[in-house]
Amino acid sequence: MFLINCPYCGERDQSEFSCGGEAHIVRPKQPTELSDDQWAEYLFMRKNIKGVQFERWNHAHGCRKWFNMVRDTSNDKIHAIYKMGEKPPVE
Amino acid sequence: MTKFRVNKTKHVDQTKSVSFNFDGKTYYGFEGDTLASALLANGVHLVGRSFKYHRPRGIMSCGSEEPNAICQINEDADLTEPNVRATEIELYEGLIASSQNCWPSVKFDIGGINNFISPFIPAGFYYKTFMWPKSFWKRIYEPLIRMSAGLGKSPTKPDPELYNHKYVHCDVLIIGGGISGIIASKIAAKNNLKTILIEDKNILGGSTIFQKNENYKINNKFSSEWINEQIAELKKLDNLTIKTRTSLAAYHSYNYLLAKENISDHLPLNKRNGDIRQRLWKIRADKVIVATGALERPLVFNNNDRPGIMLSNSVKKYLDFYGVSCGLNNVIFTNNDSAYETAVSFKEKGLSVEIIDIRKKSNSKIVKNAEKLGIKIYWNSTIVNTFGYRKINSVEIMNLSEDGSNVVGDKNRINCDCLAISGGWTPMVHMHTQSGGKLDFRELDKTFIPNEIDQNHINVGSCNGDFELEDIINNTNNKVKNFLKVSESDFENISVFNSKELDKRNIWLLPSYISEGKCKSFIDFQNDSTAKDIKLALREGFKSIEHVKRYTTTGMATDQGKLSNMHALGIIAETAGVKMGTLGTTTFRPPFTPLTFGSIVGRSVGKFFDTIRKTSIHEWHIQNNAKFENVGQWKRPWYYPINDEGLHDAVQRESKAARDSAGILDASTLGKIDIQGTDASEFLNRVYTNAWSKLGIGKCRYGLMLNEDGMVYDDGVTTRLGENHYLMTTTTGGAANVLSKLEDYLQTEWPELDVYLTSVTDHYSTASICGPNSKKILTKIFPDKDFSDDTFPHMSYQNGKIDEIDCRIMRISFTGELSYEINIESKYGKSLWEKCIEAGKEFKITPYGTETMHLLRAEKGFIIVGQDTDGTMTPIDLQMDWIVSKKKYDFIGKRSLYRSDTIREDRKQLVGLLTDDPNEILEEGAQIVSDMSKKPIEMIGHVTSSYFSPNLNKSIALAVVKSGKKMNGQKLIVPMENKNINVTVSDSVFLDKENKRINA
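Protein sequences, first through last, are from chains U and A. In this text, residue positions in the first sequence follow the numbering used here: the first is 4, and each later residue adds one. In this text, residue positions in the second sequence follow the numbering used here: the first is 13, and each later residue adds one.
Shown next, in the form of structure tokens:
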């Protein structure tokens, strides 16, 4: 049960949030021009690493805003939180 | 007073007698006793039988580490509680407790035969034996194992007690109210930090509170006197909350901790008054100071489990804190100095005591003190055997060889009725490791101590490996000041005098003249695993400590190996010839001590278990005898039986009425999302499969929403209220998910769109009136309105007023009948409904529920997302190609509709099914086959919806069948348990394919 510093609301308990999986996967602008394999890459392929991971989170039981988080999945340490559209921090 | 109550202490009030019942016999103790101390005062040591061999076992400790004295408390079917440690139960008037795991009684237990056949049931016995013959498993082995498994008995009735949850935040949380916890609390609170101190016992002070020994003095006072002064000062501090009878259960990441407070378990039954029993504290602390202390280790030697064999410091606590001598003829067996304190306490009270020490000699102050008092000490000696069945009566000792691996010389027998053992101390690192902390191994005294890298918690006192009084006080003071970055402290110049331990000797498995294979040297007392079992596991090839643990079950009992894990590790390291530090430990998992289910769920029981959502018309439904169905959290009318009508008859009547004259449905639960913004039309274009740009203001359109994988996700009618304003309806169950999915796309993929979404599900109530007479009823409700098809056609909307109250009228239909939905602000929902019922009276308007709604739409072949679809159906599979726009460049899921898998022609597709016997109703979920001759029979689909249609007077069904699109007219079989039902594939629209009724 970690504490998440929502960029809009401040520190809140993890139970208010839901995780939306890997971040920075952009929906293709021209899906019709993609091959089955390319589309499948976007649709299905997700990393699930032990270690530092870029994730999407939603303050579902709060402001309902989506944001990004850099989290170490091995110890739940949150390295950075930033708004949608902002550049991810470089290590 | 009994002969074992030898001492008056201020912690037990010997003027207040308390009666209790143990194993059917009435005993007396005093206020302040625990069940264990009261039993010991009555000379009762034998309190249980061991799990596997059913050996007699006695009270061993005085705290949460107790492996043997676990009892069943209370006899009532709703309040009885198993596996309660007698050492932790405060005595109260009327307490009823009994032994577990024995039959017919603790003194004579049939299962004791396991002890004699024990050579044949070593570790892994179950895995090896119950494998064959295979047929024995179900009828013989499993019932047999189930009968002998488990410890106590669960309650059979619901728990009537109240439990609470409480959320708190603090600057500093201190776990443990012993000497180091007290020092830490005082420093924190005096420096203006909001501090909480929790302690699992009923008073603070740890083992210092009963330390009255010349060899351990603080500021020239007995340490118990000094600690009492400190406690008195603590209680005056404003910033400090002290919670006793509160045990930490779990330490999660980000300093989130759970602690269980016992509020009424210590009160006499007649004083509990139905108040809260336990409270679960959910604590978020900025900083945590762990001061949980250390557990005394037992020693592992032959027959070390007899009643009367107890941990040395616990024996001292019973003597100095409770005033109870565990024996009159005491022997102490030790490898360290701390047991000498127990010896001195015995001697000072005039009780007989002798010491057996495995060390060769020591000249520390406390040892000299013991010698001076005339206590006999057997140096370099070990116990090789013990005697006495229901209670120890003597021990046999021998000298140890130089390296300690063997015994030499003659046997010497010493009589005793209590054997106090001490194998040194193990820091309680549970909390540290639960929080994610790592451990280092300290070779000197064979302990795992916390390796602190985390910034947010520290360990102080003996849980950090400080065992000398002077170190505890000074190190705690310095560490806490640094950690909290404060300077004020009352503990700067404390003069501490304490005897220091000078000599150490550790032997994990003590030798005997009896061969190792015949020794019963217990490591885990509760699960009956011995040193021999551990060695067997290693011989059989288990190497990892986690595997040895599971194979031998060492450390897997309700005490979670608090006393056994270190010895298991030590013996594994020794046998395998590896360094103990390299083995690591098994994982410490929460809870530290068992939690009650009640404390975990708190108030979320009964009607508070989950939220119940009711429409504003709910009261009317109840008054009109509705039976309800749960749809998500909503209560929806299922059907409205008249007199003693059953579901089938009511639904047949309601369905017929809706098509013959008029029916009315409470459709308030459908999800409603208000969509506004200049890009609202473009947004709908992207989320629905069909086109929205050209939808005129005041018009309604049905939409199908897909997931990005092309599968149907939700459906519903959306109405264009204005140029940039839409009202979307969703399925009842999908409302919340649809909103969050749409928000996700808006915020993350299409932030450039000017669109705002608001959930208005609860804002409006909806009455849906259908049937050939619905237009007449609407005209009565809205006399000024023109409901002719030209001015108010199907799939359009108009505003209306009822008594000055605005409402929206949509002409849309989910039944295939002429149908209108009236939306009104929720607070007027019930009056709207009653008005409709009143207006419809002359047409015998019939309220109908979800079951009839399902039947009516199935007649018309309309799908229900989640019933006829299951997340693997594309719109093409549903034969709804017409709703997928060919012109739109993109929408959610479009690209997936022509993936190689989604264009397969043999996908399951939605079809209608008609039974050859029109009265036969198929079961929903039933499998469908085409060829019964080829084995295994291929299942080509299943029934998704099935009803008897009163309007068509035959059974109808919807089903998904492989390549179903091409099967119209084909005969298939639905095999059931007792018969095969013959069916014919049909069109999925059974009624009014030409839409004459909708446009009537």
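Built from N, CA and C at the ideal position, the CB exists for glycine as well.
Cβ-based burial, residue i [other Cβ within 10 Å; buried from 16]
i: phenylalanine 222/A; result: buried
i: histidine 5/A; result: No answer is possible for residue 5/A: it lies beyond the span of chain A, which begins at 13 and ends at 1012.
i: glutamine 635/A; result: exposed
i: cysteine 22/U; result: exposed
i: tryptophan 894/A; result: exposed
i: asparagine 990/A; result: exposed
Distance, residue j Cα to residue i Cα
i: threonine 220/A; j: lysine 229/A; result: 11 Å
i: aspartate 45/A; j: leucine 216/A; result: 16 Å
i: phenylalanine 47/U; j: glycine 644/A; result: 29 Å
i: leucine 548/A; j: lysine 491/A; result: 44 Å
i: histidine 264/A; j: leucine 103/A; result: 33 Å
i: alanine 662/A; j: asparagine 965/A; result: 15 Å
i: lysine 165/A; j: serine 958/A; result: 46 Å
i: alanine 109/A; j: tyrosine 11/U; result: 55 Å
i: glutamate 353/A; j: phenylalanine 345/A; result: 13 Å
i: arginine 151/A; j: tyrosine 563/A; result: 25 Å
i: glutamate 837/A; j: histidine 775/A; result: 6 Å
i: lysine 842/A; j: cysteine 782/A; result: 18 Å
i: phenylalanine 34/A; j: asparagine 642/A; result: 48 Å
i: lysine 198/A; j: serine 417/A; result: 48 Å
i: isoleucine 824/A; j: serine 786/A; result: 12 Å
i: glycine 54/U; j: lysine 233/A; result: 53 Å
i: leucine 1021/A; j: glycine 852/A; result: It is not possible to answer for residue 1021/A, since the shown part of chain A is limited to 13 through 1012.
i: arginine 257/A; j: histidine 177/A; result: 16 Å
Coil, strand or helix - residue i by DSSP
i: histidine 27/U; result: coil
i: isoleucine 915/A; result: coil
i: histidine 177/A; result: strand
i: leucine 677/A; result: strand
i: isoleucine 814/A; result: strand
i: serine 235/A; result: helix
i: methionine 807/A; result: coil
i: phenylalanine 495/A; result: helix
i: arginine 67/A; result: coil
i: threonine 744/A; result: coil
i: isoleucine 465/A; result: coil
i: histidine 866/A; result: helix
i: glycine 193/A; result: helix
i: threonine 14/A; result: coil
i: threonine 220/A; result: helix
i: alanine 1012/A; result: coil
Close Cβ partners of residue i (< 7 Å) along its chain, the five nearest in sequence each way excluded
i: leucine 677/A; result: Ser780, Tyr860 and Met865
i: aspartate 691/A; result: Leu765, Asp766 and Val767
i: glycine 812/A; result: Phe794, Lys797, Cys819 and Ile821
Own chain, CB closer than 6 Å to residue i, minus 5 neighbours either side, in chain order
i: tyrosine 85/U; result: Asn71
i: serine 413/A; result: Val420
i: aspartate 999/A; result: Gly924
i: arginine 296/A; result: His181 and Tyr268
Neighbourhood of residue i by C-beta distance below 8 Å, restricted to the same chain and skipping five residues each side
i: aspartate 902/A; result: Arg698
i: lysine 856/A; result: Ala669, Ser673 and Ala674
i: serine 406/A; result: Thr398, Phe399, Gly400, Arg425, Ile426, Asn427 and Cys428
beta-carbon residue i near the ligand ADP non-hydrogen atom, thresh 7 Å
i: aspartate 818/A; result: As far as ligands go, the structure on display features none, and thus does not contain the ligand ADP.
- [ ] Report the residue ranges of all alpha helix (DSSP H) runs contained in full by the region 382-457 of chain A; include only those spanning at least 4 residues, in chain order.
- [x] 442-446
Open item on the list: Quick check on the DSSP output: what are the complete beta strand (DSSP E) runs of length 3 or more inside the region 302-328 of chain A, in order along the chain?
Closed with: 306-308 and 321-323
Task: 4 or more residues per run - each alpha helix (DSSP H) lying fully within the region 331-392 of chain A - done: 350-360 and 377-384
Open item on the list: Threshold first: 3 residues or longer. Then list the beta strand (DSSP E) segments lying entirely within the region 598-650 of chain A, N to C.
Closed with: 639-643
TODO: Let me know the beta strand (DSSP E) ranges lying completely inside the region 523-599 of chain A, each 3 residues or longer, listed in chain order.
DONE: 534-536
Open item on the list: Suppose only complete runs of 3+ residues qualify. What are the beta strand (DSSP E) ranges in the region 763-809 of chain A, listed by chain order?
Closed with: 768-771 and 776-782
Task: Segments assigned alpha helix (DSSP H), at least 4 residues, entirely inside the region 827-877 of chain A - done: 841-852 and 862-871
Task: Completely contained alpha helix (DSSP H) runs for the region 25-68 of chain U, where each covers 4 or more residues - done: 39-47
Open item on the list: To test your reading of the DSSP string, which unbroken alpha helix (DSSP H) runs of 4 or more residues are found completely within the region 228-306 of chain A?
Closed with: 235-246
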